[in-house]
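The structure under discussion appears below in the form of C-alpha cells.
Protein chains in written order, with our numbering: chain A, 1 to 288; chain B, 289 to 944; chain C, 945 to 1220; chain D, 1221 to 1557; chain E, 1558 to 1706.
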C-alpha cells in the first residue's frame, strides 16, 4: 500500500482540518469559503495531488460531509476555495460558519480536466448559475498561463442578476481584452441597469456563435441547461469529444467504495467528475 | 459557527452570592461559538442594557444568552434591547440562574455547575434560533353578538357606543331573552320590562348596531380579526321594511289557540304574532307550523287585514355572509325540564309550576295581568310551596352544579306573592340559602322577616293531590321532623341548563364546552370572558348560570375586550406558531384531530395541470396559539413550532 | 368450491368486468411452504392466485404504494382480519379511500382458510367486534407476561440482547402497512432524533420510537416479526402496547374507517395513576 | 498425505490457536440468530448450520464502526482515531460462499484508495472454511460458477469426512500457514473417505444473464418494474449479502464531541442516492433493484472481473416478500432465451 | 470515602405552570438539590417522548416531565394529550426495562412552588438511592468503544 495513492493518509476517511480565512456572499443562499490547511503535511499532499476539476468533501464534525468541487485553480494551491448553495444540513452549517472557524476537508478526489491537452487551443467556457465554480477553477488555471491558449470565450448565465456568482471576477474578466465574456440572465431576471444579454444560455451561445475549430468547450450547469446547450454546441459544429463537463451525484466516501454515485458502471467519484459529452452520452440517461 | 454573546447578571448579590460568576464567565468564554461574554451587576438596568446593545453591535452577534432572572421577568426587556441593537429579538434566550438556581441552592460549587449547564444548553439553543417576525393579522372592526338577551344587548350597546359596528343576532322574533319574561328583579324589585325595554329599543335604533332578529348562525370560519359568518334569516312572512306594527293582522288571525311560549304556555297566541307587546322589532312573524294557510292552503285572513299589504307567504329563508373581527357569544340558557321529578307532579298537576311560569303569573304583562292565580281554576292560592334545587345540586337526577339564581328569585317570588296575595302563606324548602351579592342576603332576610315566608331546610319527597289541595311532604331537617303542607300551588326552582343545542352550536363556532354544554372560558380565573379561540368571547349564562348583574358585567367585559381588539388596525402576535413541511407531510390528520384550536387546515397540493397530488396539513397562523401538541404528535416530524423547534430543543438537551 | 377457487373466480370476474384494475393476492413462493405477494391484472392470470394457511402476509401495505389509487379505480385484495383492520386505519388516517378497496376476506385457521363475508371494509363490524373481545394468543400472552414479571434490570437485559442483534435493515418498517410516512422520523437528520447507527443504543431508540408510533395503530399482523432477519420478537412490544391502549382507552385499532387515532385524541377523565 | 482434523481434537485445536495469540471465531446460534462470534470451546460452535443468518462480512466490515472521536473546542478540533483491534484471528467454519465474498470485495476496498478498516482485518484473519456437504433450496453458488468447496477467499479448507468424525485439512495460502502449523501435530493421517460435497443445482444461466444485462437496450426494459413490483425497499437482502459493501458516514454525539461512524447502507433505500435538492437519480424501487442486479452482475464484473455475488442465497432465503437474486436471474434467463 | 453520587436529572416542563411553579419556589427561597436541569417548553403537549430518550442519551439518571394540572392547561387541552402520550410511552419504557422510578410525571401549578421543591428533593433522593443508570450508560459506552472484532 502506498502512501501516495491514499493521499498520504493511512486512514482515507480521516479528514484534514482547515480554517476559514475568508467568507463571501456570492448570491442569495450561495457562499464562498476560503480555507487554509492547519497541518502542513495535509497541505503538502494537497499541493501534490490537486489538479483542476477535482472535488473534495467539506464538512463540519457533528453534521457530516458534503461534496463539491474545488473552485480555486490548480495554479493557486495556497488555499482552497469552495462555493456552495445552502440546502442541506452540512451546507447550512458551513454557511453559518464564521471566519476563523474550523472545518474538515477530504480530498482532492476524482479526475481532472486534461489541461495539457488544451494547450494551443481556443477555449469556450459555458456555465449556468451555481455551476460557475467548477468552470472557474479551469478558467483561472488557464488564465494563469494565458499564453498557452488561443482565444478564450466565457458564456455565463444565471436565472437573475442576483444569482450571478463571482461578480467581482466577472468584472475583472469583462475588463480584460484577452477574454470574451458573454453574460446573460433568464428573461425576467434582469435588473433595470443590466447591460448584458437577456435570454437562455443556449440561445445566447448560438448568437455568440464561437467557432468549433481547434476549440475545447467546458460546459457546466444544471442538467436541463446542459441538455439544451449540447444541442446548440452540436449545431455550432462542436464534436462531443471536445466538450467537457462535470457530473455531480450524492457521495459519501469520495473514493469509490460507498456505492452511491455510480451512473451505470461509472463511479463518478473516481472516473469523474470530469467527462466529455461523448462519455456522458454513453451512460444510462435515466440514472443521471 | 455562530457569534453568540453571553451576559451574566449578578443581580446585585442575588445571583453572585450563590454562583461563582467569574467561573461561569470563563466557562462561557471557552464555549465554542461564544464571541463575547460579559458580566455586570444589573443587566436589566439602563447601563446594563446599553452594554448588551453595544456588544451586539460591536461584535455583530448572531444571538445572545442572558444568564439572569426568570425569562418571565425580563425576557421582554432583553428582546427589546436586541431589537434596538439591530438583532432580531427572537435571537435572545434567557438562562434562569436566579429563581431556578441561585435562590434555591446553597452549595456554591454545585449551583455554579448548574448555572454553567443551563447557560451552555441555551447557547446551543440560541445558535439554532431563527429570526422571527411577529405575526400581523388585519382586524375587521365589526363585532358579531350572538343572542339578544340582556347580555347580548349590553355587549352590543357597549361596543356600539365605543363607535364600533355591531351585528346583533337573535333567533327569536324579538330581542329580550329571558329577562323580558321576568316580572320584577331582585334585589331591588324593579320591574324587569321597565328596565329592559329601553335597552332593547336603544339597541334596535343604534346607528352602529345592525339588528338581525329571527336569524340564526349557520357557520363560522376564520380567526381572530377575520371571521366569516353565515347567517340564516328565517322567513317572517312579513315585510320588515313596510310593516308598521299596527297589529291588525294579529287581531284578525282566526287561529288563536296556540300555546304561548313567551308566557311559558300559560297563555295563548295567534299564528301571526309578536312574542310580547313590547317586542323589538314590533313586527309580527307567522308561525308556519300552526298557520292555517300553510297547513291547508286556505285562509290568508292576515293578508287581507293588512292595510299596507306586507304579508308575503312566498318569503324564503335568506342567507347572508358577514365579515367580523370578534364574536361575543351570549346565547343564554334554558330551564331544565322537571319531568324527571315524577314525585313533584310537574306536568301532572297543573298547579305545580316552574319559577319562570311564576314570573309570568306575577308579571303585569303576563297572562293574568300580574294576578297570582292557579292555572287550574284561576283561584288565588292561599298557600304556596316553593321547592328550591329542583334539579340543581342533584347529581343523581338533575345537575351537579348550583344554578346560582334560584335562592334569590325564590325569595323574590315569596315576597311578590306576599305583596300580591294578602294573607297568603309561602313555604320555601331549601338546601342552603346562597345569597352572596350586594344586597342579596338582606333581600332574603326581608322575605323571611318582613314578608313572613316560612323557610324550611329540607327536601320535598312527594307532592300529591288531595281534596283539591296539593299535599307537599317534606322534611324539616332543622327540626328533624317530617312536614306535610296542604298547598294551593307548588313552584319549582328548576335548574338552569345550557340551550338545548349548545353543544352543536359550540362546534359551529369552534369553541369548547363542558359536559353540560356551558361554554368554556380560556381560564376560569384569569380569562373568564375569553374562549380558547382568540377573538371569541362569552357573556351571560351561556358560560354558567348567572344573574342579571353578573351577565351585564360580563357583557361589558366582553365589550371592553372587543373594543381593545378593535383599537388596532392589525394584530401582532407572538410568532410562536407551528409550521408544516409540506414535502414530508403524509396527511394523516393526527394534527388536525389533536389541535385544540382548529388551526390545522387541509391544503391541496396540485401539479402544474391542476390535478390533486396530495393533501397536506396547513397551519393557519391566525388560529395557532403555539402549544405544539401537533408537533409532538407528528410521526414524520413534519410539523415544527417556531421558537421551540425540534432542532432547538434537540440542541438544548444535547447541550446539557 | 374451495375458497381458493371461489376467490380466483371472484378475482377473474372483478377483473374482466373492469370493476377492479388489479387484484393483490398471493402466489406460489420459492418453496412449497412459501407464498409471495402476487399482482394480478387480467382474468387469465387469476389461476396463479393461491389462498391457504401459508398466506400469512398482510398485503394492505401495497395499497398505499404511491400513485396506485390516484386514478380512483378500484383494487381487489386478499385480506385476513388484520389486513381489514389495517385498511380501516389507513382509511381513518386518510391514506386511502376505503370504497376503492374490494376485499376478498379470509380467516386463517391452523390448517385451512375460510371466507369472510363482505367486500367493503365497512362490512365486517361483527367480525371485528368479536376480534376485540377475543383473548390474544396464549403463547404470546405468556411471553409478554414472562417479561412483565421480570425485574426492570432483567427486562432491560432481555431487550438489550434482542436489540443488539438489529442491523437496521428497516424490514420491520418497510413491511408494515402503518409505516407509510413520506419521511420516517429516522430519516430526518435535522435533528437526528433517532441514531441511525445500528449499535444497541441506536437500535433501542429506533425500536422504541417505532413501537410508540404504532401504539394504538398496530393491528398485530406480525409482519415485522416475520420480516425481521435477526428474529427480534417485535410482536411482543406491539402486543404490550395494544394491551395498554385497550386497557387504558378501550381502544382496539382498526375497528372502523372512522376511528379516531388514540394518541391524537383524549378524554378529560382518561385514567392517570402515575402522575404526581 | 491426507490429514484429518478429528472433531474431538477441535478443543485442542482452539487451545493451541489461542495460545498462539489467535482469537477464534466461529458460527453459533445465539438468541435465535446464527452468526459468527468468538469461541472458547468447541462446544460453542454450531457447525451443522448450512449457512449462518448473518455473514462473515460483519467481521471485516461491521454494521457500525466508530472511525474517530472528535472534540470541538473553541480554537481547535481534536480527533482520536479508532482502528480495528489489531489481533490475529481465525474464522473457523465459514462457508466457501462467505469466504469467497470477502475475496470478491478486496479489489473494491483497495482500488487506488485502500480502506484501512477492511484490509487491516483481512490481513489479520485466517479463513478456515468448511466445504458444504449439504445445501438448501436457496443455495446457488454453482450458478455463479463457484462451488460448495470453492477455495476463493479461504486460507485453509476443511472437507468433512464420512461419518462426521472430522475434516480433511488443506492449506490453501501462506496466510494460513502459521495457523496450520500450530495444529499440524494434532492432525490424524489415517485415511478417511471424504463426504461428497453438496449437490447444488444450477438455477440460472449466468452467461446468458450477463449478456442480457450488458445490452443497453434492456436497461429501460419493463422487466425491471415487473420483477420488483413487490419489493418493499428494505435492506434485508443487502445487509445479509456477504458482498454488498455500501456504507454511509454518520456523526453521532452531543454538541461538543462525537464519533464519526461508518455504517452499512443499502442501495435499496430510497434516500440512498437522494440529492439535497430532492432530485433522486434512482427514484423508484425498480431502478434501485435494477442497480443492485446491474452492479453485481454487470458493472462490478466489468471493473473487477468477478461477480459481486458468491451465491449464498441469503437475499432470497430471508426476503420478507420472497424476492431475490435467484428469481430475477432465473427470469432473465427465461426472457433472454 | 466515596463521594456521594450526584444524579443528573433533566426536567421538561411547561412554561405556564411548572416553570412558573419553579420560579415561585425561587422567589419563596425554598431550597432543593441542584441536580435538576430544566428545559422550558410552551406546553406539555410539546413534550415529545424523544426528549426523554435524548436526556437518557446525554447521561441523565432521571427525567421529570411536568405541566399544568388537568383542566388548567393554558392551551386548554395540551396536557390531556400529553397524559395519553405519557401513559403509553411510560408503558413502553416499563416494558423495555427502563425503571419507572427514574421517569417521573407530575402536575405542578404556578402556585405550587412548595410542591416543586419537595418533588425535586424527593426525586433527587430517590434517584440517588437507585444509583447511576448503569445499564443505559453501558449502552452509551458501547457507542463510544471501538468494535471489538
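Note that the Cβ used here is the ideal one computed from N, Cα and C, for glycine as well. Keep in mind that this is a model prediction, so the values were computed, not measured.
- Per DSSP, residue 977/C has no beta-bridge partner at all.
- In this structure, the alpha-carbon of residue 1349/D lies about 5 Å from that of residue 1313/D.
- At the C-beta level, residue 623/B and residue 784/B come within 8 Å of one another.
- Bounds of any alpha helix (DSSP H) do not take in residue 1568/E; it lies within the beta strand (DSSP E) bounded by 1566-1571.
- Residue 747/B and residue 675/B have their C-alpha atoms some 8 Å from each other.
- Around the Cβ of residue 66/A, a 10 Å sphere holds 16 or more other Cβ atoms; the residue is buried.
- At a cut-off of 8 Å, the C-beta of residue 1015/C has no neighbouring C-beta in chain D.
- Residue range 201-208 is occupied by the alpha helix (DSSP H) that includes residue 203/A.
- Counting only residues of its own chain and dropping the five nearest sequence neighbours on each side, residue 97/A has a CB closer than 8 Å to the CB of 20, 23, 33, 60, 103.
- Bridge partners of residue 1453/D according to DSSP: none are assigned.
- In the three-state reduction of the DSSP assignment, residue 1137/C falls in the coil class, being assigned neither a helical nor a strand state.
- In the DSSP annotation of this structure, residue 1331/D is not part of any alpha helix (DSSP H), being labelled neither H nor E.
- For residue 132/A, the enclosing alpha helix (DSSP H) starts and ends at 132-143.
- Taking 9 Å as the upper bound on Cβ-Cβ separation, chain E lies near residues 1243, 1245 of the segment 1236-1250 of chain D.
- Here residue 1006/C is buried: its Cβ has 16 or more other Cβ atoms, across all protein chains shown, within 10 Å.
- Close partners of residue 1099/C in chain D (Cβ separation under 7 Å) are lacking, with about 15 Å as the shortest Cβ gap.
- Here residue 678/B has 626, 629, 632, 780, 781, 782 as same chain residues with Cβ atoms under 7 Å from its own Cβ, once five neighbours each way along the sequence are excluded.
- When Cβ-Cβ separations below 8 Å define contact, residue 1134/C makes contact with chain A.
- Near chain D, meaning a CB-to-CB distance below 7 Å, the residues of the segment 955-978 of chain C are 973, 974, 975, 978.
- For residue 363/B, not one C-beta of chain E is nearer than 8 Å to its own C-beta.
- At a cut-off of 8 Å between beta carbons, residue 930/B makes no contact with chain A.
- In this structure, the alpha-carbon of residue 1384/D lies about 8 Å from that of residue 1227/D.
- Interface criterion met: the Cβ of residue 270/A is under 8 Å from a Cβ in chain D.
- The beta carbon of residue 1517/D does not come within 8 Å of any beta carbon belonging to chain A, so the residue lies off that interface.
- Across the structure, residue 1141/C and residue 1484/D are spaced so that their CA atoms are roughly 8 Å apart.
- Residue-level contact by beta carbon holds for residue 1706/E and chain D, with a gap shorter than 8 Å.
- The DSSP-derived three-state label of residue 1113/C is coil.
- Taking CB atoms only, residue 102/A has a neighbour in chain D less than 8 Å away.
- Here DSSP, grouped into helix, strand and coil, assigns residue 1358/D to coil.
- For the segment 1296-1327 of chain D, residues whose beta-carbon sits nearer than 8 Å to a beta-carbon of chain E comprise 1302, 1303, 1304, 1305, 1309.
- Of all residues in the segment 1112-1125 of chain C, only 1113, 1114, 1115, 1118, 1119 come within less than 7 Å of chain D when Cβ atoms are compared, listed by chain position.
- When Cβ-Cβ separations below 8 Å define contact, residue 1286/D makes contact with chain E.
- Among the residues of chain C, none has a CB under 8 Å from the CB of residue 1437/D; the nearest is roughly 24 Å distant.
- Nearest to residue 994/C by alpha-carbon distance, out of 988/C, 987/C, 1002/C, 981/C, is 981/C.
- The beta-carbon of residue 1583/E is placed less than 8 Å from the nearest beta-carbon of chain B.
- Here the alpha carbons of residue 1437/D and residue 288/A stand approximately 17 Å from one another.
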